[in-house]
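In our numbering, the protein residues as written are 49 to 309.
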């Protein structure tokens with residue numbers, strides 16, 4: 049079930065307090081010569097939809113389609129970006145408004161490495177300032193150790209690589225430029241570096257990894273494994289409670305939750 053496909057009346061009839069929300073968090077950025085710029089959003093959306101199909105007590109919220117993509121610079125056309133603090137505030141706002149509708153448990157399903165800092169900041173702030181809300185996030189590329197090993201087989205700082213391209217071939221094959229994919233391999237050049245750099249000085253074409261090795265079959269296996277992890281977390285999260293009771297009189301009021309600096 050997708051939030052955006054429900055009417056106001058339908059949402060009002062749902063017992064959202066008994067559901068868990070899945071929020072696709074993607075990006076709009078260059079993905080080399082062979083993948084569309086909304087790859088991260090499409091993958092996060094598909095994973096959320098797949099997990100929701102396996103866990104009835106879920107609802108998929110509208111996707112965040114612009115993330116923190118500063119690392120891609122401007123040399124390769126197509127990137128749109130927020131700053132980390134802007135994305136953090138956006139994620140918090142989504143959680144606030146979800147709670148106003150009765151939905152107090154969210155799992156952000158992340159499709160882009162550059163969003164990790166903002167997701168960490170947002171969920172950290174929520175667990176401290178709003179203990180009545182439950183929030184977590186899953187990065188699809190390391191949803192489990194086995195998934196991470198497969199995804200990172202052709203580099204640590206991967207982008208539009210073998211695994212991501214394989215997922216694209218499985219989820220939206222009609223948007224993959226196969227002729228460009230075959231010659232798009234570019235190595236991971238971050239090994240041994242002290243500092244962080246933008247993509248234009250790390251990659252010759254916006255790719256890091258070996259998309260020429262991608263297959264739809266690998267994408268299908270990865271997709272099923274990732275969806276299974278997210279669905280399991282959703283099922284477990286619906287009934288999860290803190291291991292210990294919260295001490296009385298300890299509700300924090302030290303910082304403004306609404307996103308002020």
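Built from N, CA and C at the ideal position, the CB exists for glycine as well.
- Proximity to residue 125 across 55, 85, 191 peaks at 85, based on C-alpha coordinates.
- Going by DSSP, residue 72 is part of the beta strand (DSSP E) stretching over 68-73.
- By the criterion of a C-beta distance shorter than 6 Å, residue 191 is surrounded in its chain by 274, 277, once the five residues flanking it on both sides are discounted.
- Judged by beta-carbon spacing, residue 160 lies beyond the 8 Å limit of residue 282, meaning their Cβ atoms are not closer than that value.
- Judged by DSSP in its simplified three-state form, residue 284 adopts helix.
- Annotation note: the segment 171-208 contains the following uninterrupted beta strand (DSSP E) runs of length 3 or greater, listed N- to C-terminal: 182-187.
- By the criterion of a C-beta distance shorter than 7 Å, residue 221 is surrounded in its chain by 264, once the five residues flanking it on both sides are discounted.
- The closest CA to that of residue 280, considering only 111, 219, 262, 106, is found on 106.
- The three-state secondary structure of residue 149, taken from DSSP, is coil.
- Across the structure, residue 108 and residue 257 are spaced so that their CA atoms are roughly 31 Å apart.
- Collapsing the DSSP output to three states places residue 167 in a helix.
- In the DSSP secondary-structure assignment, residue 112 is bridged to 73.
- Going by beta carbons, residue 248 and residue 168 fall outside the 8 Å limit.
- Residue 127 and residue 207 have their alpha carbons spaced roughly 14 Å apart.
- When C-alpha distances from residue 241 are compared across 205, 66, 110, the shortest belongs to 205.
- In this structure, residue 95 lies away from residue 189, with their beta-carbon atoms at least 8 Å apart.
- Where residue 229 is concerned, the enclosing alpha helix (DSSP H) starts and stops at 226-229.
- Between residue 199 and residue 90, the CB-CB gap reaches or exceeds 8 Å.
- Secondary structure of residue 217 (DSSP, three-state): helix.
- Residue pairing by DSSP places residue 253 in no beta bridge whatsoever.
- Rounded to whole angstroms, the separation of the alpha carbons of residue 77 and residue 111 is 15 Å.
- For the set 262, 149, 138, the Cα lying nearest the Cα of residue 216 is the one of 262.
- Rounded to whole angstroms, residue 165 and residue 292 show a C-alpha spacing of 28 Å.
- Secondary structure of residue 271 (DSSP, three-state): helix.
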